[in-house]
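Peer 1: My questions all concern the structure below.
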Amino acid sequence: MKQESPDTDTGALLPRLGDIVKRSLGIEDEGYTISRFLIGLYDASQGSSSMTSSFGDFKKEVVNNGGDEFPDTFLKSVFETIRSSRPEIKAETAVKQEPSIKQEPSTDDLPKEEPTSVKTETKVKAEKESFPGLALPDKKIKIEESNIPDTDLQPKQEEPVRVGNIYKGIVTNITAFGAFIRLDNTGVSGLCHVSKLAYDGRRVPKAENAVSMGREVFVKVLDIQGGNGRNKKKISLSMVGIDQLVGVDRSKELENEGRGRSRQNQPPPKKRRLTSPERWEIRQLIASGAASAADYPELNGTTEEQADQEPEDDEAVDIVLNTNEPTFLKGQTGGQTGSGFNPMMILKNPEGSMNRAAMNGSKLAKEFKEEKAEKQRELEKEMRMAQDSNDPLAEMKRDEIIKQKVISEWRKSQSQQRSDLKKLPKLSIREQREGLPVFAMRTQLIEAIEQNQFLVIVGETGSGKTTQIVQYIYEEALNVVGGTEKIIGCTQPRRVAAVSVAKRVAEEVGCKVGEEVGYYIRFEDITSPKTKIKYMTDGMLQREALLDPSMSKYSVIMLDEAHERTIATDVLFALLKKAARQNPNLKVIVTSATLDSAKFASFFNECPVLKIPGRTYPVETLFSREPEPDYLAAALDCVMQIHVAEAEGDILVFLTGQEEIDASCEVLYNRIKTLGSAVPELVILPVYSALSSDMQSKIFEPAPPGARKVVLATNIAETSITIDGIRYVVDPGYVKVNAYDPKMGMDTLVVSPISQAQANQRSGRAGRTGPGKCYRLYTEQAFKTEMLPNSIPEIQRQNLSLTILMLKAMGINDLLNFEFMDPPPAQTLVNALHDLYNLDALDEEGYLTPFGRKMSEFPMEPALAKTLIESTELGCVEEVLTIVAMLSVQSVFNRPKDKQAAADQKKQRFHSVYGDHITLLNVYRAWDLNGRSAGWCKYNYIHERSMRRALDVRKQLGQIMKRFRIPIDSCGSDTIAVRKAFCSGFFRNSAKRDPHEGIYNTLVDQTPVSMHPSSALFGKSTEYVIYHTVLLTTKEYMHCVSAIDPRWLLELAPRFFKKGDHTSRKNEKIVPLYNRFAENQDAWRLTSQIEAKKRALEQLNQ
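Here it is as structure tokens:
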């Protein structure tokens, strides 16, 4: 038997095996125990063969030693890695012994060593054998520039009056036979007959009973006649079924109410099947001669008519998943047609105390929510009593209740505080720029940029790297290449950051935004031919690579905030590295706020690293002695202890989201109010993305003399913003992570423990202005054993369908050889390819289809892109454009905490019986009919900002449709076409109602999901639905739901669904539930009961 390799030889192999264990099994190989075990089994299997071990021998050895649950793909990767290392172990060791500049003895860096050629070839070779669909040869794709959407929007031309549309108008004349109504913004008038003036369609005796002169009404155009020569157009109008409050067409709902079931939306009725008692009764009648057998042909079998109708019955439609795999993925999906493979475990220790606390949630937050809801109910009850009372003082009492209900005391105190930023001494722009830490390194930075094609810059938040480095390049004319002035690009992971930074830099340069300095985000391009400094989101630069892979328009591209490792940033790492080889004049700068710079430098050809010195002071780190079961309660207790016992200095608390922060602010306010003058004043300030800019700006103001400031923030305060005066940091150790949920088939936000790098970043916030303290509300043992060394990049934990669609559109098909800094698991790539295949974006061979090429042009997820394109076949482009635009913005419904009942009542006016997609369409149409008025939005509790944003998005999408010469057709009030279009894209998000439980089960994997209370379909017995996304709160709620016909799934998604065997379901045998108390499971049968009676009688007779 071959002897085991010495430790010196195995040292290079262990990290590689540990990396495979972590990626494939989702667990950390502590001390490389599993890796050493597998190496021993490989050596043992080699002894059973004459010369070398085969995979079969190795697998047999693993199974014999208890490894029968290891997947074959994992064992193949391990086998190939060990086998390839055996002949070259000495060569690898020699390479390792060469002097290296950036080798540090860190366990975190072991799996992240720069890959040797042997490792890369071995890994790719093993994965090619397991996943050949990921290694297709690249194809060069010719991209027409005209296919890229133009951002110069032309004003929308006024459209002529069209039949089926709803318009707002004014009654100009009333006659005996109807009312003349002038339509707004059209210059034409029409007649609404007396039979069309009432909402329910009844004929009114006089027109004056329904309308009055000068009244504003909503009408629908029924018919247009004439218009030739001197004859004027005769326009017939109708108010039947038109909601006069919001302008929504509810005529279909009226039809459904009148008929019980709409014939247009439901299948034709079929003859009911005879029950067993009915069959017995009919046979008795025939036997007695009272009836003829010819009158009952269905008695002896199913008639042809029934046979034809039976499959069309809703109950008879049996939908199952289509398990057929595409040719290029044969045998690679692992049977994961419905539920995907979990791409990457985001938890180091799922059974640890921190994860248990995260799963249980905060007891304090739950109690606070329940207490607040009870208080709300009491206030509403008192208000109703005050309204019904005849007491003359009831009006005053009602006003007091309203004031009490309007706003919480904490929010009231916040609204009374005014911003004092203007009172602070304001420095000139030059003084502000020269006061930044980066200014001292200007010369060194310019020299490094001139001498290197790649450069990594590490600088803390607030050092000025985002705003100043691009200006230094511009001022030193480093963007001039061969006498041509090119663009300096800077990417940001967030849209808000790209816009705000561009505005600031434009102010410093002394120009308007869009001139020398501009920005480019999704659906908004504020640049011009004069623009030389361009801020953009990383996703938009990735889209530019479709047209210009070599980035010829740019001289320098700076990837800012690279430590956040978004999917688009990770893809840009590889694309820019490739572009730099094609374009030697292109320079790439990577900036990061963390010290994980060696990894970036290694990826970019061992480029130099520059560190901008920050203003840091020592920070004392304190851990909890015992695990905290309620992290939110512990955080607030810690804040109170610091405020009462510690020296002056502001406090920063890291929480997971808006709901937690708002609840904590109110709890803290009540505690401070209870203590009164016994404690100093505490200014409580929240920070999260949805907060208004005015409220966010308050965190930068110094606390009043004698007071202390506490800032409750999300992880945005880790690296994105710097708050002066922070001396104490309270770190509960949690963050909301966007991770792929294989059950739901989509990305979801989950609360999970932070990484060690995040913990260190948070503690560093306490040492910016002086010595500080960091209170970690978890044990030191949890820090070491339950936290990953670094956060898992998005590309390894999220759905990659959009990313792969973009790469395919660039002609990149060989995903295994694509230079990812951290390659995603192969199974994640396979799942994404399968999703794209089901959406018709890929063909049987795995290459992009013309349909998929069109999908890649739309800056949105593939499902929405397919919905838009499919709407062209269904003739509902205008409606789908509107709904997609409304889905692309934040919620348009405003539901203030103090006016929830009123907001819900207004929202119900827009509800459609067909679901939330049509409800959004109703909102947009009503807003458009009312002149896009801000007052209308306020009255109906609609966010005007979101509506304006939706309008801009709709215009941009309309331009893309025009690029493809797609006519923007309208289907009017036909909701079937609209719902079919969304069903074609979101067929995976389909669910069926459980008639017994009252909840829904997804068709993909039967996961229970509930209807959200805010949905228009809440409380309705809709059989089949599709949903846009799932909200995880107390339950898994479907968000944005619409009713569908199950047959649409078979028609629109034949690659994903297929029709089940209906006859097999008919012949299913009903078996009773298992009775654990019965000795004989057949005791319920009549034969068994007869036998039991016989035995009992025999015993009595004895």
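The UniProt record's numbering applies: residue 1 is where the sequence shown begins, and numbers increase by one. Idealized CB from N, CA, C, for every residue including glycine.
Pull up the distance between the alpha-carbon of Phe523 and that of Thr537, whole angstroms please.
Peer 2: As a working note, residue 523 is residue 523 in the sequence shown. As a working note, residue 537 is residue 537 in the sequence shown. Rounded to the nearest angstrom, the two C-alpha atoms are 11 Å apart.
Peer 1: Return yes when the Cβ of Leu1031 is within less than 8 Å of the Cβ of His1012, no when it is not.
Peer 2: Position 1012 of the sequence shown holds residue 1012. Position 1031 of the sequence shown holds residue 1031. Yes, the Cβ-Cβ distance between His1012 and Leu1031 is below 8 Å.
Peer 1: With burial defined as no fewer than 16 other Cβ atoms inside 10 Å of the residue's Cβ, what is the status of Phe1077: buried or exposed?
Peer 2: If you number the sequence shown from 1, residue 1077 lands on position 1077. Exposed is the call here.
Peer 1: From the DSSP secondary-structure annotation, give me the bridge partner or partners of Cys774.
Peer 2: Against the sequence shown, residue 774 aligns to sequence position 774. Thr621 and Val729, per the DSSP bridge assignment.
Peer 1: Hey, how far is the Cα of Ala357 from the Cα of Glu786?
Peer 2: Your numbering for residue 357 matches position 357 in the sequence shown. Your numbering for residue 786 matches position 786 in the sequence shown. Approximately 12 Å, taken between the alpha carbons.
Peer 1: Keeping to the same chain, check which residues put their C-beta closer than 8 Å to that of Lys1093; ignore five residues upstream and five downstream.
Peer 2: Counted from its first residue, the sequence shown places residue 1093 at position 1093. Around Lys1093: no qualifying Cβ.
Peer 1: Three or more C-beta pairs closer than 8 Å, one from the segment 240-255 and one from the segment 200-213: is that the case here?
Peer 2: Flag = yes, the segment 240-255 and the segment 200-213 touch.
Peer 1: Kindly give me the distance between the Cβ atoms of Gly464 and Val480, rounded to whole angstroms, as I take these residues to be in contact under 8 Å.
Peer 2: Residue mapping note: residue 464 aligns to position 464 of the sequence shown, counting from 1. Residue mapping note: residue 480 aligns to position 480 of the sequence shown, counting from 1. In fact, because the Cβ distance is near 24 Å, the residues do not count as touching under 8 Å.
Peer 1: Under a Cβ-count criterion, where at least 16 other Cβ atoms within 10 Å of its own Cβ denotes burial, should Ile429 be classed as buried or exposed?
Peer 2: Position 429 of the sequence shown, counted from the start, is the residue given in the question as residue 429. So Ile429 ends up on the exposed side.
Peer 1: With a cut-off of 8 Å on the beta carbons, I'd call Val711 and Val687 a contact; round off their distance for me.
Peer 2: To locate residue 711, count along the sequence shown from 1; it is residue 711. To locate residue 687, count along the sequence shown from 1; it is residue 687. Indeed they touch by this definition, with Cβ atoms about 6 Å apart.
Peer 1: In terms of residues, what are the limits of the beta strand (DSSP E) holding Phe454?
Peer 2: For the purposes of this step, residue 454 is taken as the residue at position 454 of the sequence shown. Taken as a continuous stretch (DSSP letters only), the beta strand (DSSP E) holding Phe454 covers Phe454 to Gly459.
Peer 1: Let me know if Arg261 comes out buried or exposed under the rule of 16 or more other beta-carbons within 10 Å of its beta-carbon.
Peer 2: Residue numbering aside, residue 261 sits at position 261 when the sequence shown is read from its first letter. Unreliable positioning characterises Arg261 in this predicted model, as indicated by a pLDDT of 44, which lies under 50. The coordinate reading is nonetheless provided below. Label assigned to Arg261: exposed.
Peer 1: To test your reading of the DSSP string, which unbroken alpha helix (DSSP H) runs of 4 or more residues are found completely within the segment 459-491?
Peer 2: Runs found: 465-475.
Peer 1: For Ile101, which three-state DSSP category applies?
Peer 2: Residue numbering aside, residue 101 sits at position 101 when the sequence shown is read from its first letter. Since pLDDT at Ile101 reaches only 31, below the 50 mark, its modelled position is unreliable, and the value read off the structure follows with that caveat. Three-state DSSP puts Ile101 in coil, outside helix and strand.
Peer 1: When DSSP labels each residue in this structure, what does Phe893 get in the three-state scheme?
Peer 2: Stepping through the sequence shown from its first residue, residue 893 is reached at position 893. Phe893 falls in the strand class under three-state DSSP.
Peer 1: Taking a contact to mean a Cβ-Cβ separation below 8 Å, would you say Val217 touches Thr186 in this structure?
Peer 2: In the sequence shown, the residue the question calls residue 217 occupies position 217. In the sequence shown, the residue the question calls residue 186 occupies position 186. Not closer than 8 Å, so no.
Peer 1: Within 10 angstroms of the Cβ of residue 1112, are there 16 or more other Cβ atoms? Answer buried if so, exposed if not.
Peer 2: The structure shown does not extend to residue 1112, since the chain is modelled only from 1 to 1102, so the question has no answer here.
Peer 1: Per DSSP, which one or two residues make a beta bridge with Ile235?
Peer 2: Your numbering for residue 235 matches position 235 in the sequence shown. In DSSP, Ile235 forms a bridge with Ile224.
Peer 1: For a test of the three-state rule: what should DSSP assign to His563, helix, strand or coil?
Peer 2: Within the sequence shown, numbered from 1, the residue matching residue 563 stands at position 563. Here His563 sits in helix by DSSP.
Peer 1: Would you mind giving the Cβ-Cβ distance between Val1041 and Gly915, rounded to the nearest angstrom? I have them listed as a contact below 8 Å.
Peer 2: Locating residue 1041 in the sequence shown gives position 1041, counting from the first residue. Locating residue 915 in the sequence shown gives position 915, counting from the first residue. With 8 Å as the limit, Val1041 and Gly915 qualify as a contact, their Cβ atoms being about 5 Å apart.
Peer 1: Quick one: which unbroken alpha helix (DSSP H) runs of 4-plus residues sit fully inside the segment 1001-1058? Chain order, please.
Peer 2: If we require 4 residues or more, the alpha helix (DSSP H) runs fully inside the segment 1001-1058 come out as 1046-1052.
Peer 1: Looking only at its own chain, which residues have a Cβ that is under 7 Å from the Cβ of Ala1016, when we skip the five neighbours before and after it?
Peer 2: Indexing the sequence shown from 1 puts residue 1016 at position 1016. Answer for Ala1016: His911, Ser912, Gly915, Asp916 and Thr919, listed in chain order.
Peer 1: Assuming Met551 contacts Leu586 (C-beta within less than 8 Å), just tell me the rounded distance between them.
Peer 2: As a working mapping, residue 551 is identified with position 551 in the sequence shown. As a working mapping, residue 586 is identified with position 586 in the sequence shown. Met551 to Leu586, Cβ: 6 Å. Contact.
Peer 1: Just confirm the distance between the C-beta atoms of Leu829 and Leu842, as a whole number of angstroms; I'd bet it's less than 8 Å.
Peer 2: The residue labelled residue 829 in the question sits at position 829 within the sequence shown. The residue labelled residue 842 in the question sits at position 842 within the sequence shown. 13 Å between Cβ atoms; not a contact.
Peer 1: Identify whether Asn738 lies in helix, strand or coil by the three-state DSSP scheme.
Peer 2: For the purposes of this step, residue 738 is taken as the residue at position 738 of the sequence shown. Strand.
Peer 1: Work out the CA separation of Gly1060 and Asp318 for me, nearest whole Å.
Peer 2: The count along the sequence shown starts at 1 and reaches residue 318 at position 318. The count along the sequence shown starts at 1 and reaches residue 1060 at position 1060. The alpha-carbon atoms of Asp318 and Gly1060 are separated by roughly 5 Å.
Peer 1: Give me whichever residues DSSP pairs with Leu816 in a beta bridge.
Peer 2: As a first step, residue 816 must be located in the sequence shown, where it is residue number 816. Beta-bridge pairing links Leu816 to no other residue.
Peer 1: Run through the segment 889-937 for me and flag every whole alpha helix (DSSP H) of 4 or more residues, listed as ranges in chain order.
Peer 2: DSSP runs (the alpha helix (DSSP H)) wholly in the segment 889-937: 900-908 and 916-929.
Peer 1: Taking 8 Å as the threshold (C-beta atoms), are Ala703 and Lys709 in contact?
Peer 2: Taking the first residue of the sequence shown as position 1, residue 709 is located at position 709. Taking the first residue of the sequence shown as position 1, residue 703 is located at position 703. Going by C-beta atoms, Lys709 is nearer than 8 Å to Ala703.
Peer 1: Just mark Ile1090 as buried or exposed, buried being the case when its beta carbon has 16 or more other beta carbons within 10 Å.
Peer 2: The residue labelled residue 1090 in the question sits at position 1090 within the sequence shown. Ile1090 comes out exposed.
Peer 1: Which two residues bound the contiguous alpha helix (DSSP H) that contains Val63?
Peer 2: Position 63 of the sequence shown, counted from the first residue, corresponds to residue 63. Per DSSP, Val63 belongs to the alpha helix (DSSP H) from Phe55 to Asn64.
Peer 1: Of the choices Val63, Thr531 and His1039, whose alpha-carbon is the least far from that of Gly489?
Peer 2: As a working note, residue 489 is residue 489 in the sequence shown. Among Val63, Thr531 and His1039, the Cα nearest to that of Gly489 is on Thr531.
Peer 1: How about Leu222 and Val171: do their beta carbons lie closer than 8 Å?
Peer 2: Locating residue 222 in the sequence shown gives position 222, where the first residue counts as 1. Locating residue 171 in the sequence shown gives position 171, where the first residue counts as 1. In this structure, Val171 does not lie closer than 8 Å to Leu222 by Cβ.
Peer 1: What is the DSSP secondary structure of Lys808, counted as helix, strand or coil?
Peer 2: Counting from 1 along the sequence shown, the entry for residue 808 is found at position 808. It is helical.
Peer 1: Verify whether the separation of the beta carbon atoms of Glu61 and Ser45 is less than 8 Å.
Peer 2: Translated into the one-based positions of the sequence shown, residue 61 becomes position 61. Translated into the one-based positions of the sequence shown, residue 45 becomes position 45. Yes, the Cβ-Cβ distance between Glu61 and Ser45 is below 8 Å.
Peer 1: Going by CA-CA distance only, name the one from Phe454, Pro896 and Phe820 that's closest to Asn583.
Peer 2: Along the sequence shown, one-based indexing puts residue 583 at 583. When each option's Cα is compared against that of Asn583, the closest is Phe454.
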